[in-house]
Amino acid sequence: MTKRYEFIETEITEKTGRLILNRPPVNVINIDMMREITACLKEFAIDDSLRLIVIAAKGKFFSAGMDVDDHRPEKVHTMIKEFGELFLTMEKIHTPILAAVQGSVLGGGLEIVSFCDMIVASDKAKFGNPEIKVGFFPPVSAVIFPHLVGHPMTMEIICTGESITAERAYQTGLINRVFLSDNFETETESFINSITQNSGSILRFNKRAVKETEHLPFDKALEKASDIFLNELMKSDDTAEGIKAFFEKRKPLWKDS
Numbered sequence: 034m035t036k037r038y039e040f041i042e043t044e045i046t047e048k049t050g051r052l053i054l055n056r057p058p059v060n061v062i063n064i065d066m067m068r069e070i071t072a073c074l075k076e077f078a079i080d081d082s083l084r085l086i087v088i089a090a091k092g093k094f095f096s097a098g099m100d101v102d103d104h105r106p107e108k109v110h111t112m113i114k115e116f117g118e119l120f121l122t123m124e125k126i127h128t129p130i131l132a133a134v135q136g137s138v139l140g141g142g143l144e145i146v147s148f149c150d151m152i153v154a155s156d157k158a159k160f161g162n163p164e165i166k167v168g169f170f171p172p173v174s175a176v177i178f179p180h181l182v183g184h185p186m187t188m189e190i191i192c193t194g195e196s197i198t199a200e201r202a203y204q205t206g207l208i209n210r211v212f213l214s215d216n217f218e219t220e221t222e223s224f225i226n227s228i229t230q231n232s233g234s235i236l237r238f239n240k241r242a243v244k245e246t247e248h249l250p251f252d253k254a255l256e257k258a259s260d261i262f263l264n265e266l267m268k269s270d271d272t273a274e275g276i277k278a279f280f281e282k283r284k285p286l287w288k289d290s
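Residue numbers (my numbering): 34 to 290.
So this is what it looks like as structure tokens:
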């Protein structure tokens, strides 16, 4: 990517698009940073060579959340608009998104993380929505957490404002894996490879099958998933290659198409 950003870093390696938060000291996210994140994700979204998008961060904190200064009356409408645009962008991306959380993540940072498709974390990471302590509530967490961790746990997180450990986040189903901090980068790259060794087009079909059916009644969901399977996936080059490779007892040569 040739575009330069002030508050994030981006790179594409091994069919993986990486978006790295970099606003020292604790990656507080302001309006301009939100715009950069959204712009980067829009670029990644149209790159069919990518098999995975990874959101990570530099420093000891993944993110201390949104900039409280942007909650002032003269800024809050713009902040909410840009915040919403970020999540609407994430919602439309067919490429799987992984959050790699090396340190504590709070507030709006946690909302971004929890909106990803998969989350891995260091055992030293903590997760929290402390908005209530400054007189707010986390709008995205309020909407999606009940689907991720259930109503009681959602209410505990947003009504106490207290952080939970990575281990508890794993136990509640909020995150996928917990890695020892000393091995975090190595284990994360191994997890990334377990995804990116697969076909990019088939990964996108997998995500679509989940996202486009998860809120439908079962009969409608099954009908939708079957339609994607029969009328799109079965016509793809990589499904044909996967079947051919299976019978020829070799590894598939994916075309990502």
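The beta carbon of each residue, even a glycine, is placed where N, CA and C say it ideally should be.
- Annotated three-state conformation of E42 is strand, per DSSP.
- The Cβ atoms of K159 and S137 lie closer than 7 Å to each other.
- Where G50 is concerned, the enclosing beta strand (DSSP E) starts and stops at 49–54.
- For L121 and S174, the gap between their C-alpha atoms comes out near 15 Å.
- Under the Cβ criterion (8 Å, minimum of three pairs), the stretch 60–80 counts as touching the stretch 38–52.
- Within the stretch 65–140, the beta strand (DSSP E) runs of at least 3 residues that lie entirely inside it are, in chain order, 85–90, 130–134.
- Residue pairing from DSSP places V153 in a beta bridge opposite A133, R210.
- Distance from S269 to S214 at the Cβ level is roughly 40 Å; contact not present, criterion being Cβ atoms closer than 8 Å.
- The DSSP assignment places complete alpha helix (DSSP H) segments of no fewer than 4 residues inside the stretch 171–198 at 172–182, 184–193, in order along the chain.
- For K159, the uninterrupted beta strand (DSSP E) segment begins and ends at 159–161.
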